[in-house]
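Respectively, the protein sequence lines represent chains U and P.
The opening residue of the first sequence carries number 1367 in the working numbering; numbering runs sequentially from there.
The opening residue of the second sequence carries number 479 in the working numbering; numbering runs sequentially from there.
Quick reminder that beta carbons are idealized off the backbone N, C-alpha and C, glycines included.
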Amino acid sequence: MDNNQVYLKNVATLKLDVTKCIGCNRCIEVCPHEVLVMEDKKAKIVTLDACMECGACAKNCPTKAITVKSGVGCAAGIINGILRGTEPTCDCSDPGSCC
Amino acid sequence: MDHTVEPGIYAVGNPNQDSPVLISANYKLSFDALRKELKNINAYIVVIDTKGINVWCAAGKGTFGTEEIVNRLKKVGLDQIVSHKTIIVPQLGAPGVAAHEVQQQTGFRVVYGPVRASDIPAFLKAGLKVSKEMRQVRFAFIDRLHLVPLELTISIKYLLLLIMTFLFVTAFSPTGLNWNPAINLLLAYLAGTVLGPLLLPWLPGRSFSVKGIFTAFIAISIAAHFNIIGVTKREMSAWLLIIPAISSFLLMNFTGSSTYTSLSGVQKEMKIAVPLQSTALVLGSILWIITKFI
């Protein structure tokens, strides 16, 4: 397993309001990059730089303790978005290879 | 080619009312992969309508989402088919699904299954327990190697256009048609689409555009070794601008294929990288054209 799957330092928009956390563990279950851990029955962000802003944790947080500006981390998608005047989008013709 | 599977409920083996229920996108390749892994297992698959898009991408758009799961469970009448109250949703669908809302609206509790379909038999055997390893999205050498053919083809037309332009210029220059520029451009292209993806974790820097400058150095070393980087200092400087510009831009585009870059991160690196890349490419090309005619 590569341990160096971290991206730019302190850029990800993931935020956690610990006071709202009820310790349900859902965020830890859905995170594909072990960004969060459970400590004393509360979630805690441990590797922010590994967060790809997929939004799974925020979506599955029943108390809305987590917020993140989610979207596609894709340069071509961002260029697409600028050209079309939309949000970054990875729409391309082949559904198999790309979003 | 048709990539879709008809949404609905499908039986695998001989399921009964106690058999596990797995939710799948209606992208044919995902559905087939799932069925293959469920060999010798009795289960139900509920295929939801994601317009033929895979789970991860559909979840990002919200088509693999709470609403579609809720509606589909009602439509197939799942509560009439099984006696338990658990559905297994692929973890990579989680960006589109609010587990607590699915439960509120249908009574079915969502258990997020492993990232890879190949872990499903072990997950079922363990009583729907997912190990830490099963939760992680990898981006190993072999995964990146699989992406190389796609990276190679995706921008090939721009490479050919650039090569033709450069050859055209040499054909009209006093020194006559010369293939070296074509090879240099090809090396820059390979640096960004093959070397970059393969060497990714070992290249210095965190931003992909910086990593692309390092693969450009490899391309430049190769070109210099074969004496095709130019004879004058001015021509060499031109290639020292052009090759990193191309390689850096192409590797920056690999963020879309990677499994760990974030939107705000890519935006941040592009804000700095794109102006530098375009300036380097334009300046380098002008400088190179000048060396051909002066």
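Would you say residue i reaches chain U, if we count a Cβ-Cβ gap shorter than 7 Å as a contact?
i	result
ASN731 (chain P)	yes
ALA669 (chain P)	no
TYR590 (chain P)	yes
MET714 (chain P)	no
ALA572 (chain P)	yes
Which residues in the same chain have their Cβ closer than 7 Å to the Cβ of residue i, if we skip the five residues on either side of it in sequence?
i	result
THR528 (chain P)	ALA503, ASN504, TYR505, ALA536, THR541, PHE542
LEU623 (chain P)	LEU676
LEU625 (chain P)	PRO675, SER735
LYS1386 (chain U)	THR1429, LYS1430, ALA1431
CYS1397 (chain U)	ALA1422, CYS1423
THR1433 (chain U)	LYS1381, ALA1424
ARG587 (chain P)	LYS563, THR564, GLN581
PRO485 (chain P)	ASN504, VAL525, ILE526, ASP527, ARG550
CYS1393 (chain U)	LEU1402, ALA1409, CYS1423, ASN1426, CYS1427, ILE1432
LEU630 (chain P)	THR671, VAL672
ASN492 (chain P)	ASN520
GLU546 (chain P)	ILE526, ASP527
ALA489 (chain P)	TYR522
Give me, in chain order, the residues of the same chain whose beta-carbon lies closer than 6 Å to that of residue i; leave out the 5 immediate sequence neighbours on both sides.
i	result
LYS1410 (chain U)	VAL1403
PHE644 (chain P)	PRO659
MET612 (chain P)	PRO592, ASP597
THR739 (chain P)	THR733
ALA1383 (chain U)	Here residue 1383 (chain U) is Asp; the residue named in the question, Ala, does not match the sequence. Closer than 6 Å at the Cβ level, and outside the excluded window around ASP1383 (chain U), lie ALA1431.
VAL801 (chain P)	Chain P is shown only over 479 to 772; residue 801 (chain P) falls outside these bounds and no answer can be derived.
In chain order, what residues of the same chain lie with their CB nearer than 8 Å to the CB of residue i, ignoring the 5 residues before and after it?
i	result
LEU1414 (chain U)	ASN1376, ALA1378, LEU1380, VAL1401
GLY1330 (chain U)	The requested residue 1330 (chain U) does not occur in the structure, where chain U is confined to residues 1367 to 1465.
ILE720 (chain P)	ASN662, LEU663, ALA666, ALA758, LEU759, GLY762, SER763, TRP766
SER651 (chain P)	LYS770, PHE771
LYS552 (chain P)	THR584
ASP496 (chain P)	VAL560, SER561, HIS562
THR653 (chain P)	LYS770
THR648 (chain P)	GLY654, LEU655, ASN656, PRO659, LYS770
VAL1372 (chain U)	THR1413, ASP1415, ALA1416
What are the residues that DSSP puts in a beta bridge with residue i?
i	result
LYS1381 (chain U)	U:THR1433
ARG587 (chain P)	P:THR564
LYS1410 (chain U)	U:VAL1403
ALA521 (chain P)	P:VAL490
TYR505 (chain P)	P:THR482
VAL593 (chain P)	Paired residue(s): none; VAL593 (chain P) is not in a bridge.
LEU500 (chain P)	P:ILE523, P:ILE566
Chain U partners of residue i, CB-CB under 9 Å?
i	result
SER685 (chain P)	TYR1373, LEU1374
GLN495 (chain P)	What GLN495 (chain P) touches in chain U: nothing, since even the nearest Cβ is about 26 Å away.
Mind listing the chain U neighbours of residue i? Cutoff is C-beta to C-beta under 8 Å, in chain order.
i	result
ARG613 (chain P)	GLU1395, CYS1397, PRO1398, GLU1400
GLN439 (chain P)	Residue 439 (chain P) cannot be examined here, being either before or after the span of chain P that is shown, 479 to 772.
Anything in chain P within Cβ reach of residue i, meaning under 8 Å, just list it in chain order.
i	result
LYS1435 (chain U)	LEU741, SER742
Could you confirm whether any beta carbon from chain P is found closer than 7 Å to the beta carbon of residue i?
i	result
ASN1446 (chain U)	no
LYS1425 (chain U)	yes
THR1413 (chain U)	no
ALA1378 (chain U)	yes
THR1452 (chain U)	no
ALA1431 (chain U)	no
Given that residue i touches chain U, what residues does it touch there, using C-beta distances under 7 Å?
i	result
ALA577 (chain P)	ARG1392, ASN1426
VAL593 (chain P)	PRO1398
TYR738 (chain P)	GLN1371, TYR1373, HIS1399, ALA1416, MET1418
GLN583 (chain P)	None at all; the shortest Cβ gap to chain U is about 14 Å.
What residues of chain P sit near residue i, judged by a beta carbon separation below 7 Å?
i	result
ALA1442 (chain U)	ASN731, GLY734
Against chain P, which members of the segment 1381 to 1409 of chain U pass a CB distance test of less than 8 Å? ARG1392, GLU1395, VAL1396, CYS1397, PRO1398, HIS1399, GLU1400
Scan the segment 544 to 556 of chain P for residues whose Cβ lies nearer than 7 Å to a Cβ of chain U and list them as they occur along the chain. none
What residues from the segment 745 to 756 of chain P come within 8 Å of chain U, judged by C-beta to C-beta, listed N to C? GLN745, LYS746, GLU747, MET748
If the cut-off is 9 Å on Cβ atoms, which residues from the segment 598 to 623 of chain P count as contacting chain U, listed in chain order? VAL608, LYS610, GLU611, ARG613, GLN614, VAL615, ARG616, PHE617, ALA618, PHE619
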